[in-house]
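A short worksheet on the structure shown next.
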Amino acid sequence: MLMEARLLDERREGEAVGIAKGKAKEKLATAKRMLAKGCYSPEVIAELTNLSLADVEKLKEEA
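Okay, so the sequence shown: first residue is 2 according to this note's numbering, each after it adds one.
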């Protein structure tokens with residue numbers, strides 16, 4: 002039983018990590034689309050996506 006509980010905990014932890022990675026990836030994709038539109042400043046994009054201004058500036062340089 003202990004092994005089953007441990008495996009279940011590890012599975013849940015893995016799912017949580019996967020969800021967090023997916024959310025972070027989507028934030029970056031949203032910021033990239035906003036930068037491509039050219040209608041938003043990096044400061045506004047950072048505020049709306051909850052990314053750091055440094056991350057948004059880095060995306061802008063990469064584009």
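Here a beta-carbon is modelled for each residue, glycine too, at the ideal position from N, C-alpha and C.
query = Would you call I20 buried or exposed, if buried means 16 or more other Cβ atoms sit within 10 Å of its Cβ?
reply = Here the question's residue 20 lines up with position 19 in the sequence shown. Classification for I20: exposed.
inquiry  = Less than 7 Å between the C-beta atoms of T50 and A25, yes or no?
reply    = Here the question's residue 50 lines up with position 49 in the sequence shown. Here the question's residue 25 lines up with position 24 in the sequence shown. Contact: no.
request  = Kindly give me the distance between the Cβ atoms of L29 and L3, rounded to whole angstroms, as I take these residues to be in contact under 8 Å.
outcome  = Counting from one through the sequence shown, the residue named residue 29 turns up at place 28. Counting from one through the sequence shown, the residue named residue 3 turns up at place 2. Actually they are not in contact, since the Cβ atoms of L29 and L3 sit about 39 Å apart, beyond 8 Å.
ask   = Mind checking V18: buried by the 16 CB within 10 Å criterion, or exposed?
value = Along the sequence shown, one-based indexing puts residue 18 at 17. V18 is exposed by the Cβ-count criterion.
request  = Let me know if L52 comes out buried or exposed under the rule of 16 or more other beta-carbons within 10 Å of its beta-carbon.
outcome  = The residue labelled residue 52 in the question sits at position 51 within the sequence shown. Counting C-beta atoms within 10 angstroms of its own C-beta, L52 has 16 or more neighbours from the protein chains shown and is therefore classed as buried.
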